[in-house]
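S.K.:
In the numbering used here, the protein residues as written are 6 to 121.
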């Protein structure tokens, strides 16, 4: 039995303090250790707002969330670009990465954004 580990999941918000009305990039860094990606999901608090699933068509899905404006053309399996952020988006964001079969291992990383 060969096991692969999902390692080093990190979420980096650039910039961590962003001016209202500006854009911000959420970068989800991870090491699948050779396993294929099943999905990468991005959350604000407990609510999912973006999903990248390479095995599906279309491979990106955006879920409605008040104040979140995803630039789909600039978003992918490792990053999401949010346009025109507002004060209500200050708080915790997370990315959840799942490796594909046979293990379907999942790991999550959290970072905080401050809108000023």
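Just so you know, even glycine gets a beta-carbon here, dropped at the ideal spot from N, CA and C. Predicted, not measured: the structure shown is a model, and the values here were computed from it.
1) Rounded to the nearest angstrom, what separates residue 120 and residue 46 at their Cα positions?
2) Is there contact here, the stretch 46-57 with the stretch 18-27, by at least three beta-carbon pairs under 8 Å?
3) What residues in its chain sit with their C-beta under 7 Å from that of residue 89, if we drop five residues either side in the sequence?
4) Residue 57 bridges to which residues according to DSSP?
5) From the DSSP secondary-structure annotation, give me the bridge partner or partners of residue 111.
6) According to DSSP, simplified to helix, strand and coil, what is residue 96?
7) If residue 98 sits next to residue 18, beta carbons under 8 Å apart, how far is it from one beta carbon to the other, in whole angstroms?
8) Whose C-beta lies closer than 8 Å to the C-beta of residue 80 among residues of the same chain, with five residues either side of it excluded?
M.R.: Quick answer:
1) 22 Å
2) no
3) 26 and 74
4) 45 and 65
5) 103
6) strand
7) 6 Å
8) 55, 57, 65 and 86
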